[in-house]
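Reviewing the structure listed below.
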Amino acid sequence: SDGDHVPALVIGTGYGGAVTALRLTQAGIATAMVEMGMAWTTAGSDGKVFCDMLNPDQRSYWLRTTTDQPVGYFLGINVNKSITRYTGVLDSEKFAGIRVYQGRGVGGGSLVNGGMAVVPKRDYFAQILPSVDVASMYDTYFPRANAGLGVNAIDTAWFETADCYRFARVSRDQAKASGYTTTFLNNVYDFGYMKQEQASTVPRSALASEVIYGNNYGKRSLDKTYLAAAAATGRLSITAQHVVTAVTPAAAGGYSVTMNQIDTSGATVATKTVRADRVFFAAGSVGTSKLLVAMRAQGKLPDLPAAVGQGWGNNGNVMVARAQHIWNTTGALESGMPAMGIDNWADTAGPVFAEIAPFPAGTELWISLYLAITKNPNRAAFTFNTSTGAVDLSWRTAQNQPAIDAAKRVFDKINSAQATVYRSDLFGSNKVWGDDLTYHPLGGCILNQATDNYGRLTGYPGLYVMDGSLIPGSTGVNPFVTITALAERNIEKILATDI
Ligand code: FDA
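Under this note's numbering, the first residue of the sequence shown carries the number 900, and numbering increases by one thereafter.
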């Protein structure tokens, strides 16, 4: 509450924040977490905490009056619907050239994401973060992250027979027929639970079109893993529905952290300031970058280096869908959790790692959807806009062309072998590529550039960056395992040397 003094304050409860909180509390340090989203523990009138993708209500989106579905069109018609403005779980944050999807709530992105837990390719990781010792990442921190996250592998024999993965088998077989390699993807969704869903012995979640607005069962989101373990130490407090707005050195030592308490309509109901000896920025790539860029511009943290705000990328994300022939059914029942990817990363002419994405519409649609991760070299920067008081992101939609080019090589080849075509009705009218959105914001406060090699903001002792903003715009796979492992590495060092 207002006026408190805490030893450690963590801004944000996603991957970077959850790792930080667990390791601090285990080391005996009382830790306060501040989260702008809701706690997501109370069921609505339908008896469920989260709504599904087919019936989005106020719980779906962060402070919007219409939904903003990633695949927002069907037959070229906008299929979004009106909702009550509410602090829902998925934010589609709009910048000039891109919509950045992010989770809002205790657990951050883990509440809304597809749960795919993919360790990046070792040589690519070494390329993107050259200052990090690669051997210790792969020997210690990636395994530690996977254990902490509750990652599990799919039963591959079951996969071959399960109705809910027919869509993935069809895409796999067609990719293989074009000479591409596919790979199973680990997940934090409990595949044992999913088997029971398929057998109809438990309430369905992944098999009930639940994913981007939260999962009511089956998913090991951070509130069930890292955050639960931190809470079990008795040293954790989490304050939800509080938006941190300022961090500045405090006269009495440490930092004063100002926040707005909001209600479910987003209105500020109270403003509070607390003092913290140490502050860990874990508000995500966008949240942390926005805060730090604003603090520098407003003179609250004037000595932050010029590199703060730089190097943002979208992990080369682009979405695309193919129309299947009538005899190639993708299945009316699709698991919301992806389990397979097309791995063409080794192709130097245009590396692509494409998740075979579900389209869980509850009816046969003959659609194969993909989220392609590419090696798009383009980057953007966050800047403070003095006239609006907001932080802008310089990314332009056209910067996604290298991602489209790389993905097009792969899917043109598959289409030509299968005599199929792209769906051009799902991302707009006559628009093949979903090129104006990302699920994977990365960078803005890059390790060993904006911070030291362990996430310290060196001009300000006691300030640390712990989240996806440390990663320079790309990691070649879905990012949360990389974010978690890097946070494990950094907090271990910080605990050993600073605290
Ligand atoms: P993260 O965004 O998780 O957490 C930041 C937290 O800080 C949020 O809870 C936010 O509300 C809070 N916050 C921000 N600003 C604040 C402020 N000023 N004050 C207080 N709190 C503030 N990745 C993957 O590896 N596999 C996958 O399958 C998927 N799938 C996927 C699907 C969808 C729909 C999305 C949107 C994303 C994914 N991702 C994914 C991406 C993954 O979820 C993402 O990379 C991580 O959640 C990022 O972790 P961070 O710790 O960086 O921030």
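Just so it is clear, CB atoms sit at the ideal spot from N, CA and C, and this is done for glycine as well.
- With distances taken between CA atoms, residue 1086 lies nearest to 1110 out of 1110, 1072, 1078 and 1286.
- The beta carbon of residue 1189 sits closer than 6 Å to those of 1290, all from its chain and outside the five residues before and after it, given in chain order.
- Relative to the non-hydrogen atoms of the ligand FDA, the Cβ of residue 1350 never comes closer than 7 Å to any of them.
- Distance from the C-beta of residue 1323 to the nearest heavy atom of the ligand FDA is not below 7 Å.
- The DSSP assignment places 1125-1131 as complete runs of the alpha helix (DSSP H) inside the region 1122-1163, in order along the chain (cut-off: 4 residues).
- Check the Cα spacing between residue 1285 and each of 1275, 938, 1192 and 1337: the tightest is with 1192.
- Residue range 1281-1283 is occupied by the beta strand (DSSP E) that includes residue 1281.
- The straight-line gap separating the alpha-carbon atoms of residue 992 and residue 1231 is approximately 31 Å.
- Taking non-hydrogen atoms of the ligand FDA into account, the C-beta of residue 1004 is found less than 7 Å away from one of them.
- Put simply, of 1039, 1069 and 1243 the residue whose alpha carbon is nearest the alpha carbon of residue 1078 is 1243.
- At a Cβ-Cβ threshold of 8 Å, residue 1217 and residue 1271 count as neighbours.
- Within the same chain, Cβ atoms closer than 6 Å to the Cβ of residue 1139 are found at 934, 937, 938 and 1005, the five residues on either side in sequence being excluded.
- For residue 923, the enclosing alpha helix (DSSP H) covers residues 914-925.
- When DSSP states are grouped into helix, strand and coil, residue 1178 belongs to the strand group.
- Residue 1076 has its Cβ no nearer than 7 Å to any heavy atom of the ligand FDA.
- By the Cβ neighbour-count rule, residue 1074 is buried, with 16 or more other Cβ atoms within 10 Å of its own.
- Three or more beta-carbon pairs separated by less than 8 Å are not found between the region 1095-1102 and the region 1244-1262, which leaves the two stretches without contact.
- Within the region 1058-1128, the complete alpha helix (DSSP H) segments at least 4 residues long are 1065-1076 and 1090-1097, listed from N- to C-terminus.
- Proximity of the region 922-930 to the region 947-965 falls short of the contact definition, fewer than three beta-carbon pairs being nearer than 8 Å.
- Remark: the shortest separation between the CB of residue 1366 and any heavy atom of the ligand FDA falls under 7 Å.
- Per DSSP, reduced to three states, the secondary structure at residue 1015 is strand.
- In terms of Cα proximity to residue 1379, the closest of 1330, 1214, 1320 and 1315 is 1214.
- Put simply, the backbone Cα of residue 919 is about 32 Å away from that of residue 1103.
- Within its own chain, the residues whose Cβ lies closer than 7 Å to the Cβ of residue 1331, once the five positions on either side in sequence are excluded, are 1219, 1321 and 1323, listed in chain order.
- Judged by DSSP secondary structure, residue 1315 falls within the alpha helix (DSSP H) whose first and last residues are 1300-1317.
- Judged by the Cβ position, residue 1338 qualifies as a neighbour of the ligand FDA at the 7 Å threshold, a heavy atom of the ligand being closer than this.
- In the DSSP assignment, residue 933 falls within the unbroken beta strand (DSSP E) covering 930-933.
- Of the residues assessed, residue 1059 falls on the exposed side of the cut-off, its CB having fewer than 16 other CB atoms within 10 angstroms.
- Around the beta-carbon of residue 1393, 16 or more other beta-carbon atoms lie within 10 Å, marking it buried.
- Listed as beta-bridge partners of residue 1218 by DSSP are 1270 and 1333.
- Taking the C-beta atoms as reference points, residue 1387 is found no nearer than 8 Å to residue 1177.
- By the Cβ criterion, the region 980-997 is in contact with the region 1291-1307, since at least three pairs of Cβ atoms, one from each stretch, lie closer than 8 Å.
- Within the same chain, Cβ atoms closer than 7 Å to the Cβ of residue 905 are found at 929, 931, 1173 and 1175, the five residues on either side in sequence being excluded.
- At least one heavy atom of the ligand FDA sits closer than 7 Å to the Cβ of residue 1001.
- Going by beta carbons, residue 1083 and residue 1257 fall outside the 8 Å limit.
- In this structure, the CA atom of residue 1072 is about 11 Å from the CA atom of residue 1317.
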